[in-house]
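J.: In this text, residue positions in the sequence shown follow my numbering: the first is 140, and each later residue adds one. Handing you a structure now.
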Amino acid sequence: MIPKQLTLRNFLSYRAATLDFAGLQVACVSGPNGSGKSSLLEAIAWVVWGHSRTVAEDDVIHLGTLEVQVDFTFEHQAQIYRVVRSRRRNQGGSLEFQVQTEEGFRPLTQRGMRATQQLICQTLRLDYETFVNSAYLRQGRADEFMLKRPSERKQILADLLKLGQYDDLADKAKERAREAKAKLTLLETSVANLEAQVQQRSAIAQTAQDLETRLATLQAEYEQAEATRQQLAQQQQQRQRLVQAQLLHQQQLNHLSDDSQRWEGEVEKLTSKLQQLAAILTQANAITTGLATLQDLEAQDEAFSAKFQQQQTLQAERDRHYQAHQAQAQALQTQRQHEQHSLDAVNQQLADLKPILQKQASVSEALVSLAHARDRLQHLDQLQLQVSPLRQQQQTLQRQLDQTQAELTARLTALANSTYQLQQQQAQQPQLQQAVLAVGHTLEDLTAKRAYQEKVREKGIERRHFMERLQAEQRSYETQLGHIEQKLQLLQQPDAACPVCDRPLDEHNWDDVLQKHQAERDDLQRAIWVIREQLAVSEREIQVLRQEYRELEAELASYGKILEQRGSLMAKLTSSESVAQQLASLTQERSHLERCLQEQDYAPDLQTELQQLETQLTQLAYDERDHALARGQVDRLRWAEIRQAEIRQAERQQTQLLERQPQLEQAIAALDAEITTLTESETVQAIVQLDEQLNALGYSLDQHQALRSQLKAAQTWKLRHQQLQQAQQQQPELQQQLVAATQKRQQLTQQQTELTSQQQELTTQLQQYPDVQVEMQQVQQRQSDRQQQREQWLSRLGALHQQLTHFDQQQEQLTQQQQELHQARRSHRVHQELATAFGRNGLQALLIEHLLPQLEAETNHILGRLSAHQLHVQFVTQRAGRSRQGKLIDTLDIVIADAQGTRPYETYSGGEAFRVNFAIRLALARLLAQRSGTPLRTLIIDEGFGTQDREGCDRLVGAINAIAADFACILAVTHIPHFREAFETRIDVCKTPDGSQLTVSM
140 MIPKQLTLRN FLSYRAATLD FAGLQVACVS GPNGSGKSSL LEAIAWVVWG HSRTVAEDDV
200 IHLGTLEVQV DFTFEHQAQI YRVVRSRRRN QGGSLEFQVQ TEEGFRPLTQ RGMRATQQLI
260 CQTLRLDYET FVNSAYLRQG RADEFMLKRP SERKQILADL LKLGQYDDLA DKAKERAREA
320 KAKLTLLETS VANLEAQVQQ RSAIAQTAQD LETRLATLQA EYEQAEATRQ QLAQQQQQRQ
380 RLVQAQLLHQ QQLNHLSDDS QRWEGEVEKL TSKLQQLAAI LTQANAITTG LATLQDLEAQ
440 DEAFSAKFQQ QQTLQAERDR HYQAHQAQAQ ALQTQRQHEQ HSLDAVNQQL ADLKPILQKQ
500 ASVSEALVSL AHARDRLQHL DQLQLQVSPL RQQQQTLQRQ LDQTQAELTA RLTALANSTY
560 QLQQQQAQQP QLQQAVLAVG HTLEDLTAKR AYQEKVREKG IERRHFMERL QAEQRSYETQ
620 LGHIEQKLQL LQQPDAACPV CDRPLDEHNW DDVLQKHQAE RDDLQRAIWV IREQLAVSER
680 EIQVLRQEYR ELEAELASYG KILEQRGSLM AKLTSSESVA QQLASLTQER SHLERCLQEQ
740 DYAPDLQTEL QQLETQLTQL AYDERDHALA RGQVDRLRWA EIRQAEIRQA ERQQTQLLER
800 QPQLEQAIAA LDAEITTLTE SETVQAIVQL DEQLNALGYS LDQHQALRSQ LKAAQTWKLR
860 HQQLQQAQQQ QPELQQQLVA ATQKRQQLTQ QQTELTSQQQ ELTTQLQQYP DVQVEMQQVQ
920 QRQSDRQQQR EQWLSRLGAL HQQLTHFDQQ QEQLTQQQQE LHQARRSHRV HQELATAFGR
980 NGLQALLIEH LLPQLEAETN HILGRLSAHQ LHVQFVTQRA GRSRQGKLID TLDIVIADAQ
1040 GTRPYETYSG GEAFRVNFAI RLALARLLAQ RSGTPLRTLI IDEGFGTQDR EGCDRLVGAI
1100 NAIAADFACI LAVTHIPHFR EAFETRIDVC KTPDGSQLTV SM
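This is how it looks when you write it as structure tokens:
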């Protein structure tokens, strides 16, 4: 992809800008920080792939505008393309893809943005990730690869190479291998079961054949029994018909007998009823007289009932007046009882208050004693307030003295321990001296090996530099050889001109020129062959040196630990030489501490202050026991205050009770007078008048009850009169019913005689057909047994045939599953191999191992241009582990060497580190472009060059110019003035109120 023209409208900091790339092979994009240099390059990534450094998609739109559009024209594989991407704020976007033809740009835009984007990536054979890691060296990511850990570097390479697809393939292969393994296990179990079951088919077939023979015999026996059963059944059916006819006649006889008895009873019942009616009719006169007596008694009862109602009304009125009189008397009596109870309660309360009032003298004396006790307690409380802080201070001083004593004791114990340890060290001093000598000899040997290892490393670097020079010469020879091959091809054309001077050649000159170029070609081929031989020899030497270096590295793995061990032993030996002096000092200090503890000669200030406090406490003469006794005395006398309150309360109650006592006596006297006047009231007079009316009424309850008894006894005449009327009505009807019942009884007797004759004839016929039911049951039982046996055998035969059919199906299933088992085994094996091949230690590791030599050679090639061949980079993929076995482990260490030797990356200056980073970054970019299948024709370098001095900048510019022939367009972004001046072609960016502006200078 070679840029031709870029037009921006409202993109980030740009309002309107157009950049024509014609003539811009190597150019510098310069301007102050924040002017929009990186935004210009971000526009290319946004228009082609739709990616930018912004978080939200609308953030690419210039502030204050509504729409953004970027138009980018570029060349790819000798074809001109155009991409136009636009977007409106808070809305969607559009993407157009066009190709230039003779008639103009022809649209290639697909139906959707996603499809159009996919077509652009397919055309370029370059996605966004590959672009930003190859053609576009983004700002701030130069040292990203170097600062990662070795394992992370491998992961970065894997991500850049897009090896993640192999992880996906490995996971899919593992999943399919697991599925195949599960299917394989199921198939193996199923095949084993099927094989075991199929082997049983022959035995089942023989059993089925035997069972069919036995079923045929059983069927013949069943048919013979069936004929016998049918003959017996016919005989039994004839007997059953006769038995049923006999039973039918017997049932009819029974029904006739029942009907005859029923009609006999009906005749008797009708005869009895007629006799009863005749008896009633003979008593007709007596019944009429009794009914008249009953009616006279009912009239007398009505007169007594009227008097009874009047008597009840008068009695109710009297009861009402009597109850009212009783209620008034009861109310007055209740009120008097209440007042009497109140008076009795007042008298009792006055009697109860007398003992309390009599204690006034003793309570007054106790109150005086309580006042004296409280004065004493108040004095002791004041003393306690003075003594409490003094005692707290005393306890604090005592704790400080105890703590000082404990510290001295602890120090004495520590001195004893230190003395013991120093004595042990003094005893081990000869052993330490011997150990120091032994470690010293070991370090001398390891130091010699380190020096030899350094020589091996330098030899390896020298061989590597030699190989790089050979590789450079080989590339130069190959370039020359390619030019000569082109010239030879031109000479093969008819009327070829001289490849050097472009003049026409005759036959003689043509032969001379051809032979000359062929000789040059042969010389170059021989030189290349010699260089390849030297490279092979140097490679073998480097391999030997690497192996030797690894062995020395393994032997020197313990150098640091031994060095630390010698330092530790030397420190112990140095400290042991001053043990005697330390022992003397410790012994002296220990004696001093023991004397101080025995004589309590420590903390004199604290002890003096403690004695002064004890003197003050003695002068105050405060005793907790006296204080407690005073509190107890006050508590014991508090009852006097309680009794005094009770006496005052009793005096107030006595006054109130004396005032209420005469009031209650007056109320009781008034109630007694009211009860006396109640006997002469109007209610009593009304009761007397009602009693006189009741006596004048003359109603007698006894006479009334005697009348009602007579009336009750005469009620039977009413019933007997009703019976007489019914008898007079029913007698003719019953006489007719009696005649009809007698005739029906005679008809039933005649029918019984006829049925008895027929029954005797059926009995005679039945004797000719004996009962064969038992014999039939025996025959049916034999048939049932044979039928049951036949059904069982048929069921078993069906099961056997089903098993045979199932065995045939299983045989087919076995054949099919054996084929599936073979396929599953093959699938499991193939996917296991694919999982290993696609894994990190398979194809991915091989790709990285294959890439690293190319990356190393390309990096050193670029780094040689940047550092005048003073810096060299080596990628180490394996190193010895820290274990004693020295096992090699995979890594991706980057070894950087200069003229002084190998040093860590962190020790190089900022300029040197940037050159290394830039070389590795550029080498990665070129390799990624090669792997994508698209030649890297455009290079955008948006890195900070501030770490480079003027000479470093010149080298970077020289390196960029040196690789300029490999690119159609190189853009370097910077804000450094002297770096900007090193470029002949510049794109100056400045920020104005109308947005960022571009100026091209050539």
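All residues carry an ideal CB built from backbone N, CA and C; glycine is no exception.
Assuming Pro-142 and Thr-1077 make a contact with CB atoms under 8 angstroms, what is their CB distance in whole Å?
T.: Rounded, the Cβ-Cβ distance is 6 angstroms, consistent with contact.
J.: Rounded to whole angstroms, what is the Cα-Cα separation between Pro-909 and Arg-378?
T.: Each residue's alpha carbon lies about 7 angstroms from the other.
J.: In terms of residue numbering, what span does the alpha helix (DSSP H) encompassing Asn-149 cover?
T.: Not the alpha helix (DSSP H): Asn-149 falls in the beta strand (DSSP E), residues 141-150.
J.: Between which residues of its own chain and Leu-850 is the CB-CB distance below 7 angstroms, once the five residues before and five after are set aside?
T.: These residues qualify, in order along the chain: Leu-436, Glu-437 and Asp-440.
J.: Name the one or two DSSP bridge partners that Lys-320 has.
T.: DSSP lists no partner for Lys-320.
J.: Compute the distance between the beta-carbons of Leu-482 and Gln-800, then report whether it is under 8 angstroms.
T.: The answer is yes: Cβ separation under 8 angstroms.
J.: Please list, in chain order, all residues of the same chain as His-604 whose beta carbon is under 8 angstroms from its beta carbon, the five residues on each side excluded.
T.: Cβ within range, chain order: His-1008 and His-1011.
J.: From Gln-824 to Ala-455, what does the alpha carbon distance come to, in whole angstroms?
T.: Cα to Cα, the separation comes out at about 16 angstroms.
J.: At a cut-off of 7 angstroms, is Thr-586 close to the ligand SAH when judged by its beta-carbon and the heavy atoms of the ligand?
T.: Judged by which ligands are present, the structure shown has none, so any question about the ligand SAH falls away.
J.: Going by DSSP, which residues form a beta bridge with Arg-226?
T.: Val-207 and Gly-232.
J.: Strictly by DSSP, which residues pair up with Arg-221?
T.: Paired residues: Thr-212 and Gln-237.
J.: Compute the distance between the beta-carbons of Gln-867 and Leu-430, then report whether it is under 8 angstroms.
T.: No, the pair does not count as a contact, with Cβ atoms beyond the cut-off.
J.: Opposite Arg-245 in the DSSP bridges: which residues?
T.: Looking at the DSSP assignment, Arg-245 forms a beta bridge with Val-238.
J.: Using CA atoms only, rank isn't needed, just tell me which of Ser-848, Leu-202, Thr-193 and Val-187 is closest to Arg-154.
T.: With distances taken between Cα atoms, Arg-154 lies closest to Leu-202.
J.: Whose C-alpha, out of Arg-401, His-1000, Gly-981 and Gln-592, is nearest the C-alpha of Leu-684?
T.: Cα-wise, what sits closest to Leu-684 is Gln-592.
J.: Reducing DSSP to helix, strand and coil, say where Lys-287 ends up.
T.: Coil.
J.: Need the endpoints of the alpha helix (DSSP H) that Lys-493 sits in, please.
T.: Taken as a continuous stretch (DSSP letters only), the alpha helix (DSSP H) holding Lys-493 covers 423-496.
J.: Run through the DSSP bridge pairs and tell me what Gln-1017 is partnered with.
T.: Answer is Asp-1029, bridged to Gln-1017.
J.: Throw me the rounded Cβ distance for the Leu-109 and Leu-905 pair, which I believe falls under 8 angstroms.
T.: With the chain covering only 140 through 1141, there is no way to say anything about residue 109.
J.: Roughly how many angstroms separate the alpha carbons of Gln-374 and Met-915, rounded to a whole number?
T.: For Gln-374 and Met-915, the distance between alpha carbons rounds to 10 angstroms.
J.: Look at Leu-179 and Val-168 and say whether their C-beta atoms are less than 8 angstroms apart.
T.: The answer is yes: Cβ separation under 8 angstroms.
J.: Give the DSSP-derived three-state secondary structure of Ile-1080 in the structure shown.
T.: Strand.
J.: Between which residues of its own chain and Ile-1079 is the CB-CB distance below 7 angstroms, once the five residues before and five after are set aside?
T.: Only Leu-180, Ala-274, Tyr-275, Leu-276 and Leu-1110 meet the Cβ criterion.
J.: Are there 16 or more other CB atoms within 10 angstroms of the CB of Ser-707, so buried, or fewer, so exposed?
T.: The residue is exposed, with fewer than 16 neighbouring Cβ atoms inside 10 Å.
J.: Does DSSP put Ile-1115 in a helix, in a strand, or in coil?
T.: It is coil, neither helix nor strand.
J.: Alpha carbon to alpha carbon, what distance is there between Arg-1060 and Arg-315?
T.: Approximately 39 angstroms, taken between the alpha carbons.
J.: What is the rounded straight-line gap between the Cα of Gln-861 and the Cα of Thr-888?
T.: Approximately 40 angstroms between the Cα atoms of the pair.
J.: For Gln-805, tell me which candidate among Arg-475, Thr-543, Ala-512 and Met-140 has the shortest Cα-Cα distance.
T.: Out of Arg-475, Thr-543, Ala-512 and Met-140, Arg-475 has the C-alpha closest to the C-alpha of Gln-805.
J.: Excluding the 5 residues flanking Gln-532 on each side, which residues of the same chain have their C-beta closer than 7 angstroms to its C-beta?
T.: Around Gln-532: Leu-752.
J.: Taking only three categories from DSSP, how would you classify Ala-1007?
T.: Three-state DSSP puts Ala-1007 in coil, outside helix and strand.
J.: With a Cβ-Cβ cutoff of 8 angstroms, do Glu-624 and Ile-670 count as a contact?
T.: Not in contact: Glu-624 and Ile-670 (Cβ atoms no closer than 8 angstroms).
J.: Identify which residue in Met-709, Ile-987, Arg-353 and Ala-1104 has its Cα closest to the Cα of Leu-1067.
T.: The candidate whose alpha carbon is nearest that of Leu-1067 is Ile-987.
J.: Measuring straight from C-alpha to C-alpha, what distance separates Asp-1093 and Arg-679?
T.: Between Asp-1093 and Arg-679, the C-alpha separation is close to 37 angstroms.
J.: So Gln-721 and Leu-561 are in contact, right, with Cβ under 8 angstroms, and what is the actual spacing, rounded?
T.: Yes, Gln-721 and Leu-561 are in contact; Cβ-Cβ is about 6 angstroms, under 8 angstroms.
J.: Hey, would you say Tyr-616 sits closer than 8 angstroms to Leu-663, going by beta carbons?
T.: It is a contact, given that the beta carbons lie within the stated cut-off.
J.: Among Arg-1125, Ser-1135, Cys-1129 and Thr-1131, which residue has its Cα nearest to the Cα of Phe-160?
T.: Looking at the Cα atoms, Arg-1125 is the closest of the given residues.
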